[in-house]
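Engineer:
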């Protein structure tokens, strides 16, 4: 299991450490029913309610074969926490993998780099499973993030009424895990 925590910032007072800006979190594959339910609820909130890309549900046939990754807040007492972000990945044909449905809770989008961590784990996981090409259709506002993470745009298109870039990850920057 990958455990990724953000760094604790140093406070302006010498010798004192400031509290973290957000809770610690784990980025890993969803394994429990409640995690899957929370991830699906987050996707519905982002893609149906907020962005209105789908009506009612964004689920499709890919969900039956996809691996679902989550970023979950860590509740120290229970060991469980709420899902803050999610992404799915699947192998479309031998060696060709796709990432899709990257969603991060609105309040966490500018904190903790959850999207980055989910993208990294998705590509590294696929790479470890024999991925030779990793692609995603990326909404135009997210292209700079993906470019920063060593992805390149191959084409543009409209999907669900929004401009998307077909992007490919540079696997040299994503060690297999």
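Residue numbers (my numbering): 50 to 226.
We put the beta carbon where it would ideally sit given N, CA and C, even for glycine.
Just so you know, these numbers come straight off a predicted model, no measurement behind them.
1) Assuming residue 171 contacts residue 136 (C-beta within less than 8 angstroms), just tell me the rounded distance between them.
2) Have a look at 85, 93, 165, 117 and flag the residue whose alpha-carbon is nearest the alpha-carbon of residue 38.
3) Below 8 angstroms on the Cβ atoms is my contact criterion, and I expect residue 216 with residue 187 to pass it. Report the Cβ-Cβ distance as a whole number of Å.
4) Within a Cβ cutoff of 6 angstroms, which residues of the same chain sit near residue 214, ignoring the five residues on either side of it in sequence?
5) Classify residue 87: buried if its beta carbon has 16 or more other beta carbons within 10 angstroms, exposed otherwise.
6) What does DSSP give as the partner residues of residue 152 in its beta bridges?
7) What residue from 210, 185, 224 has the CA that sits closest to residue 148's CA?
8) For the alpha helix (DSSP H) holding residue 82, just list the boundary residues, first then last.
9) With C-beta atoms as the reference, is residue 154 less than 8 angstroms away from residue 91?
10) Buried or exposed for residue 150, going by 16 or more other Cβ atoms inside 10 Å?
11) In whole angstroms, give me the CA-to-CA distance for residue 209 and residue 97.
12) Residues in its own chain within less than 7 angstroms of residue 179 by CB, not counting five upstream and five downstream?
13) Of all the options 112, 110, 117, 104, which has the alpha carbon lying nearest to the alpha carbon of residue 81?
14) Looking at the secondary structure, which residues open and close the beta strand (DSSP E) in which residue 103 lies?
15) For the beta strand (DSSP E) holding residue 211, just list the boundary residues, first then last.
16) When you compare the CB positions of residue 211 and residue 102, do they come within less than 8 angstroms of one another, or not?
Structural biologist: Once the coordinates are examined:
1) Position 122 of the chain shown, counting from 1, holds the residue named residue 171. Position 87 of the chain shown, counting from 1, holds the residue named residue 136. Indeed, because the Cβ distance is near 5 angstroms, the residues count as touching under 8 angstroms.
2) Coverage of the chain is limited to positions 50 through 226, which leaves residue 38 absent and any answer about it impossible.
3) As a working mapping, residue 216 is identified with position 167 in the chain shown. As a working mapping, residue 187 is identified with position 138 in the chain shown. Confirmed, about 5 angstroms.
4) In the chain shown, the residue the question calls residue 214 occupies position 165. These residues qualify, in order along the chain: 187, 192, 202, 205.
5) If you number the chain shown from 1, residue 87 lands on position 38. When all chains shown are included, residue 87 counts as buried.
6) Here residue 152 refers to the residue found at position 103 of the chain shown. Bridge partners of residue 152: 135.
7) In the chain shown, residue 148 corresponds to position 99, counting from 1. The candidate whose alpha carbon is nearest that of residue 148 is 185.
8) Here residue 82 corresponds to residue number 33 of the chain shown, with the count starting at 1. It spans 82-92 - the alpha helix (DSSP H) in which residue 82 sits, taken as one unbroken run.
9) On the chain shown, residue 154 is found 105 positions in, with the first residue counted as 1. On the chain shown, residue 91 is found 42 positions in, with the first residue counted as 1. Cβ atoms of residue 154 and residue 91: closer than 8 angstroms.
10) Counted from its first residue, the chain shown places residue 150 at position 101. The residue is buried, with at least 16 neighbouring Cβ atoms inside 10 Å.
11) Here residue 209 is taken as the residue at index 160 of the chain shown, counted from 1. Here residue 97 is taken as the residue at index 48 of the chain shown, counted from 1. Near 11 angstroms, if we compare the C-alpha coordinates of residue 97 and residue 209.
12) Taking the chain shown and counting its residues from 1, the one referred to as residue 179 is at position 130. For residue 179, where only same-chain residues beyond five positions count, the Cβ hits under 7 angstroms are 144.
13) Taking the chain shown and counting its residues from 1, the one referred to as residue 81 is at position 32. With distances taken between Cα atoms, residue 81 lies closest to 117.
14) Mapped onto the chain shown, residue 103 falls at position 54. That residue, residue 103, is in no beta strand (DSSP E); it is neither H nor E in DSSP.
15) As a working mapping, residue 211 is identified with position 162 in the chain shown. Here the beta strand (DSSP E) through residue 211 covers 211-218.
16) One-based indexing of the chain shown puts residue 211 at position 162. One-based indexing of the chain shown puts residue 102 at position 53. Contact flag set, yes.
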